Amino acid sequence: MGPNSPQPRRTPPLEPLRELAPGADVVHVRANPRDWTQGELLAAYTWPQHQGETLVPLSHATVPDDSHHNALTIGEFLNAYRHLPVVGMLHASDAAYTYHVELAPPSWSLAVGDPQ
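Taking the UniProt record's numbering, the leading residue of the sequence shown gets 1, the next gets one more, and so forth.
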């Protein structure tokens, strides 16, 4: 066997959503399940400092002005990747599905062992 080198971690195709909300760890998005081109970014958050605390709204979130591009980006992502483990459904109705998408893992999930 060759040298023991870790395999690169395969990440879901989240880059387009990261570009819609730079600096966000979590986004909430909504789309029309009958027409995935009708999507919108509802909110962007960062992880709280400690597990169990509420998400911190991203106060400086700047969404690109092209709402048609945003809608297509969100719709295409949800159409193809809504079943990924980092995507969870928050609400479903006849008109729209709302999802919680984790763009980055929380810092406490990366910790090995309890520091205390």
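Idealized CB from N, CA, C, for every residue including glycine.
The structure presented is a predicted model; accordingly, all values stated were derived computationally and were not measured.
Rounded to the nearest angstrom, what separates residue i and residue j at their Cα positions?
| i | j | result |
| --- | --- | --- |
| glycine 23 | glutamine 38 | 24 Å |
| threonine 73 | valine 26 | 16 Å |
| tryptophan 108 | tyrosine 45 | 16 Å |
Assign residue i to buried or exposed, taking buried as 16 or more other Cβ atoms, counted over all protein chains shown, within 10 Å of its Cβ.
| i | result |
| --- | --- |
| arginine 34 | exposed |
| asparagine 79 | exposed |
| alanine 95 | exposed |
| phenylalanine 54 | Before going further, note that residue 54 is threonine rather than phenylalanine in the sequence given. Threonine 54 comes out exposed. |
| glutamine 116 | Confidence at glutamine 116 is low in this model, with a pLDDT of 46, below 50, so the placement of that residue should be treated as unreliable; the coordinate-derived value is given next. Classification for glutamine 116: exposed. |
Are the beta-carbon atoms belonging to residue i and residue j less than 7 Å from one another?
| i | j | result |
| --- | --- | --- |
| arginine 30 | glutamate 40 | yes |
May I ask you to list the residues that DSSP assigns as paired with residue i?
| i | result |
| --- | --- |
| glycine 88 | His100 |
| arginine 30 | Glu40 and Thr98 |
TODO: Identify every run of the alpha helix (DSSP H) within the segment 34 to 82, keeping only runs that are complete inside it and at least 4 residues long; order them along the chain.
DONE: 67 to 81
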